[in-house]
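Trainee: Our numbering applies: residue 66 is where the sequence shown begins, and numbers increase by one. Note that the Cβ used here is the ideal one computed from N, Cα and C, for glycine as well. Got a structure for you, written out below as structure tokens; questions coming shortly.
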Amino acid sequence: MGTGTGTVESPETPATPATPATPATLYGPVSLGFGVIALITAFFLGLFALLAGSLAVTFGVLGLISGYSRPQCLAGLVLGAAGALYPLSFLFAFTGGF
Numbered sequence: 066m067g068t069g070t071g072t073v074e075s076p077e078t079p080a081t082p083a084t085p086a087t088p089a090t091l092y093g094p095v096s097l098g099f100g101v102i103a104l105i106t107a108f109f110l111g112l113f114a115l116l117a118g119s120l121a122v123t124f125g126v127l128g129l130i131s132g133y134s135r136p137q138c139l140a141g142l143v144l145g146a147a148g149a150l151y152p153l154s155f156l157f158a159f160t161g162g163f
């Protein structure tokens, strides 16, 4: 009949996350965030766009190597490269280089 305590015993199942909680899981969102920031600021603040774009490319490559959230890493890599190359193209076109 039961013990009469009113508690229900459940089998012990460990709660494991779907992906391990490592810093490598953040490469995708960080790369995508820096890529969007680089693309937006490329039209206004060229130096900041170069910085954000290079960080987006770096985190995108690290994320692709680690294998977590590959679509976000690829999108961040593309947006970061576009955001960094846009000010550089104007620099080379209008000044003849550095």
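1) Count the other CB atoms, across all protein chains shown, that sit within 10 Å of the CB of L144; report buried if there are 16 or more and exposed otherwise.
2) Going by C-alpha distance, which of Y151, G161, T87 and Y92 is nearest I105?
3) What is the rounded straight-line gap between the Cα of S119 and the Cα of F157?
4) Rounding to the nearest angstrom, what Cα-Cα distance links G128 and P136 in this structure?
5) Leaving out five residues on either side along the sequence, give the residues of the same chain with a beta carbon under 6 Å from the beta carbon of A117.
6) Express the C-alpha separation of V95 and C138 in angstroms, rounding to a whole number.
7) In angstroms with no decimal places, state the Cα-to-Cα distance between A107 and L91.
8) Cα-Cα, which of F159, T123, G148 and G125 is closest to L110?
Mentor: Checking against the coordinates, here is how it stands:
1) buried
2) Y151
3) For the pair S119 and F157, the Cα-to-Cα distance works out to about 18 Å.
4) 10 Å
5) Correct list, in chain order: F99, I102 and A103.
6) 8 Å
7) 24 Å
8) In terms of CA proximity to L110, G148 leads the group F159, T123, G148 and G125.
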